[in-house]
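This report refers to the structure that appears directly beneath it.
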């Protein structure tokens, strides 16, 4: 097997045709969409290269079954291996991506006109999945204190009293919060009391940056599991989002049956062989590669901390213990535009606009750490210069 | 660009891990699932190889848009290029495969308990798409005469009087019938009179084996188009089924809105970059390659005709003008088992059992011509020997 080196140079990245590098063009450094700037694990490249060489693109089987059951087995092995969580492969459904999972879960576990509860700030496809289906989004805004975001449990209890479904993001995009077992127990208890289904988006679960371990929501107790749909994918951790391969796990047979009463399995579409092959190989043999990725993210987090300290009068952000994201409050800049527009124009750096996470967050940007330390330092240098000019201009 | 040579040897095929060659194992020659034994076009291989080399598996864009709209443009160009049919790219929705399209169309254009009309023999996922969603399948059995299958229009009219939806397969799997403009006009007129939606599976449209041209159902008239969903993919023609990339085309904005009232676009899942890239390249530059495939299929059709003439007392089959399939009536063999089981055991050849297309067709097999003439001759030699032994044993 080839040695892994995830780090890619700017020249290598600039020829990529994917959204992150191509959409805004070569004049800008991209730090927006939650995609990484890393070379795929060699094992993944080799698996896909073999498929292409064999010209083996027809109806696929793996391990004697169709790809759906194969994904169930791969997911079960992954949960056991990484989180010590035992799951039944039969309770897994392959789908293309977590956004589809969100849309389908909303459709299956709520009715038109129902309220669906989310955390704020809110990943925008959550809003779309709710509103495009004629449901009403209710935002339980998280509280910010001492560089940490946390759930407002009283507000959550009140919201779930009127809602059949909590769409939960854990670890949380964009704040970088991984919720503790105690927090999850409290939230789960509220869901039990209010008889709400929990749809837990755990696509960021692998990105635990410190000693703390990820706790799958459904692993807490059978009572929580039986009302929890877990959504997971290798797309985020291994940079495979475009291959469209994800899973839904149902914490009980009854929950799975409720889902399939709305969506017979094949209504969601078939799993594709490139995505399944890449996902399976990544989960089986990508852990060493992923440690290199985490090292780069941690290094960039340290750079970002220094940057925030340097610009403490202008910026404020929680310390992310998970994800590769920073959620930066720029309101003290006093801009009359979105800070994303400001940084794009003044620094030639593209951050994701906070407005995508809710109108209350228009003065935030989301920063993406998943690139080489060299490129991230350049991003910070350009952003810092724009901040210095801004400070000087106002002084 | 590398020269194309679609023909693959048995040794090359036996290392494939896909369903067609791997499922029954190396002791059997596969002539069952509707997959081909051809090497992908060099342009497709090169496009996928480039993506793998660039490690460009993140969120994808093409032509400045997300992949869904890119597929709409590619489909519109393909229809214009191949069938002279002008379609609006905005009326196209990407999905993973036609089976998903069938399930979703049934859900969107009928209600639980409704009758949905199909032709008989019936591609089994049509039945699943209807029955798994709690609808009732009504089969309009085709009539066989003079080596040709045709639609029973009176029975169709009666069936559609009680049904909101016709699931149509054109060209028809498994009989190999491509319907003429006159037939489509008559069927379309009935659908108009009975106010039924037409879901037209046209995945076989490229496989026109003689001078006759494929007529897209929705291209006949605006009145037919406005009630027609067309389903299409490069999966069948270019051997890319495992990449899971297909499209639905809605013949009117109103029809599209009705569909999206049930399924907001992202509920069906995102298009994957490998599938979109392979599909786009195949449609743009795969026509010369496809002519080589058609030549192989025609050659195998000629071999099959000679085989049928030789075994005329035992077998009966229509002459397929489209697809790469033969639908062979084996009832004169007088078997007390399925002919598929007979050929598997006695000839080490796997044909698809007719029972998959309806209980009335248990004494049929579906034969797959999409392999090299060398392999197909071997299939016929083994099958012929089994037939000769059977004849001798009974004599």
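Protein chains in written order, with UniProt numbering: chain A, 1 to 395; chain B, 1 to 395.
Yeah, the Cβ is synthetic: ideal placement off N, Cα and C, and Gly gets one too.
Using a CB distance cut-off of 8 Å, residue 100 (chain A) counts as an interface residue toward chain B.
If you check the CB distance, residue 139 (chain B) and residue 116 (chain B) do not come in under 8 Å. Residues 149 of the same chain have their beta carbon placed closer than 6 Å to that of residue 177 (chain A), with the five preceding and five following residues left out of the count.
In this structure, residue 242 (chain A) sits away from residue 94 (chain B), with a CB-CB distance that is not shorter than 8 Å.
Among the residues of chain A, those whose CB is under 8 Å from the CB of residue 59 (chain B) are 18, 19, 20, 33, 35, 241, 242, following chain order. Nearest in C-alpha terms to residue 282 (chain A), of all of A:236, A:259, A:301, A:256, is A:236.
About 4 Å separates the beta carbon of residue 36 (chain B) from that of residue 370 (chain B), a gap short enough to meet the 8 Å contact definition. For the C-beta of residue 218 (chain A), not a single chain B residue is nearer than 8 Å; the gap to the nearest is close to 23 Å. Among the residues of chain B, those whose CB is under 7 Å from the CB of residue 103 (chain A) are 264, 266, 267, following chain order. Per DSSP, residue 366 (chain A) lies in no alpha helix (DSSP H); the unbroken beta strand (DSSP E) holding it starts and ends at 364-368.
The alpha-carbon of residue 244 (chain A) is positioned some 8 Å away from that of residue 272 (chain A). Between residue 95 (chain B) and chain A, the shortest Cβ-Cβ separation is below 8 Å. CA-CA distance, residue 194 (chain B) to residue 137 (chain B), rounds to 17 Å. Judged by their CB atoms, residue 174 (chain A) and residue 125 (chain A) are not nearer to each other than the 8 Å cut-off.
Annotation for residue 30 (chain B): the continuous beta strand (DSSP E) segment containing it runs 29-31. Sorting A:167, A:141, A:145 by C-alpha distance to the C-alpha of residue 155 (chain A) places A:141 at the top. According to the DSSP assignment, residue 78 (chain A) belongs to the alpha helix (DSSP H) that extends over 67-83.
In the three-state reduction of the DSSP assignment, residue 276 (chain B) falls in the helix class.
The criterion of a C-beta distance shorter than 8 Å is satisfied by residue 276 (chain A) and residue 62 (chain A). With a cutoff of 8 Å on beta-carbon distance, residue 365 (chain A) and residue 353 (chain A) are scored as near each other. The beta-carbon of residue 173 (chain A) is placed no less than 8 Å from the nearest beta-carbon of chain B.
Note that the C-beta distance between residue 196 (chain A) and residue 163 (chain A) is below 8 Å. The C-alpha of residue 132 (chain B) lies about 11 Å from the C-alpha of residue 113 (chain B). Within chain A, the residues 16, 17, 18 have their CB atoms less than 7 Å from the CB of residue 56 (chain B), given in chain order. Between residue 382 (chain B) and residue 29 (chain B) a beta carbon distance of about 7 Å is seen, short of the 8 Å cut, so the two are scored as contacting. Per DSSP, reduced to three states, the secondary structure at residue 202 (chain B) is coil, with no helix or strand assignment.
Sequence-distant partners of residue 228 (chain A) (beyond 5 residues in either direction) whose C-beta falls short of 7 Å from its own C-beta, in its chain, are 198, 200, 217, 218, 251. Residue environment: residue 388 (chain B) is assigned as exposed (fewer than 16 neighbouring CB atoms within 10 Å of its CB, all protein chains considered). The C-beta of residue 133 (chain A) comes closer than 8 Å to at least one C-beta of chain B. For residue 137 (chain A), the secondary structure class from DSSP, reduced to helix, strand or coil, is strand. Taken in chain order, the whole alpha helix (DSSP H) runs of length 4 or more contained in the region 307-386 of chain A are 339-347. The C-beta of residue 64 (chain B) has fewer than 16 other C-beta atoms within 10 Å across all chains shown, which makes the residue exposed. The residue among B:375, B:386, B:259, B:384 with its C-alpha nearest the C-alpha of residue 10 (chain B) is B:375.
Scanning the region 92-122 of chain A from its first residue to its last, the whole beta strand (DSSP E) runs of 3-plus residues come out as 92-95, 115-120. Under DSSP, the beta-bridge partners assigned to residue 18 (chain B) are A:60. For residue 145 (chain A), the enclosing beta strand (DSSP E) has its first and last residue at 143-145.
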